[in-house]
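Position one of the sequence shown corresponds to residue 39 (this note's numbering), numbered consecutively onward.
One structure below.
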Amino acid sequence: MRLFFTLGCALAALGVGLGAFAAHGLRNVLNEADLATFEVGVRYQMYHAFALLAVAWAIERWGGATATYAGWSFVAGIALFSGSLYLLVLTGPRWLGAVTPLGGVAFIVGWGLLAWTAFRG
39 MRLFFTLGCA LAALGVGLGA FAAHGLRNVL NEADLATFEV GVRYQMYHAF
89 ALLAVAWAIE RWGGATATYA GWSFVAGIAL FSGSLYLLVL TGPRWLGAVT
139 PLGGVAFIVG WGLLAWTAFR G
């Protein structure tokens, strides 16, 4: 439980920092489309950082491996979805766009597992 709560807090703090970096440091460097792409990565990172807080609560409330799998799915989703968007915008290789949907799938799996945890709980 503590691990996912800590990860959620750390990833939310990182999301705030990356959002500020984009708004202030990248605004005059990136074109509008790339800035918007970066901001999508930040937005989804923030959503799923909060989801990790929900996972920590679910583990405390109901326990079980399913909630833990949900947490790791959210972590993987942040790394794959948001991470690929950050790298795509900052380094340029467009093939990274093919990685982004894998992160989206990890997010969907995480939400399904978290729902199953609650339903089963």
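All C-beta atoms in this analysis are idealised placements derived from N, C-alpha and C, irrespective of residue type, glycine included.
Proximity winner among the options, relative to residue i (alpha-carbon distances)
{"i": "T129", "options": "R158, G57, C47, L68", "result": "L68"}
{"i": "A144", "options": "T44, F42, R65, F112", "result": "F112"}
{"i": "L134", "options": "L140, G142, S122", "result": "S122"}
{"i": "F42", "options": "T75, H62, A58, A105", "result": "A105"}
{"i": "A156", "options": "W110, H62, G141, E98", "result": "E98"}
{"i": "L140", "options": "H62, A114, L64, A61", "result": "A114"}
{"i": "I116", "options": "G148, P131, R132", "result": "G148"}
{"i": "F109", "options": "Y85, L125, N66, G63", "result": "Sequence inspection shows Gly at residue 109; the Phe mentioned does not correspond to that position. The shortest Cα separation from G109 among Y85, L125, N66, G63 belongs to Y85."}
{"i": "I146", "options": "P131, L125, Y107, Y124", "result": "Y107"}
{"i": "V137", "options": "L125, L118, P131", "result": "L118"}
Same chain only: Cβ atoms within 6 Å of residue i, ignoring 5 sequence neighbours per side
{"i": "S120", "result": "G79, Y82, Q83"}
{"i": "G142", "result": "F119"}
Range of the contiguous alpha helix (DSSP H) that encloses residue i
{"i": "A105", "result": "103-115"}
{"i": "A153", "result": "138-158"}
{"i": "H86", "result": "70-100"}
{"i": "S122", "result": "121-129"}
{"i": "G135", "result": "Premise fails: G135 is in no alpha helix (DSSP H) and is neither H nor E."}
{"i": "R40", "result": "40-58"}
Same chain, Cβ closer than 7 Å to residue i, five either side skipped, listed in chain order
{"i": "S127", "result": "Strictly speaking, residue 127 in this sequence is Val, with Ser absent from that position. Cβ within range, chain order: L68, D72, T75, F76."}
{"i": "A87", "result": "G46, L49, A50, G53"}
{"i": "A96", "result": "A105, L152, T155, A156"}
{"i": "M39", "result": "A94, I97, E98"}
Cβ neighbours of residue i in the same chain (closer than 8 Å, five flanking residues each side left out)
{"i": "R158", "result": "W100, G102, T104"}
* Asked: Counting pairs of beta carbons, one from the segment 146-154 and one from the segment 90-109, are three or more of them closer than 8 Å?
  -> yes
* So does the segment 70-79 actually touch the segment 49-61, counting three or more Cβ pairs closer than 8 Å? -> Contact holds: three or more Cβ-Cβ distances are below 8 Å.
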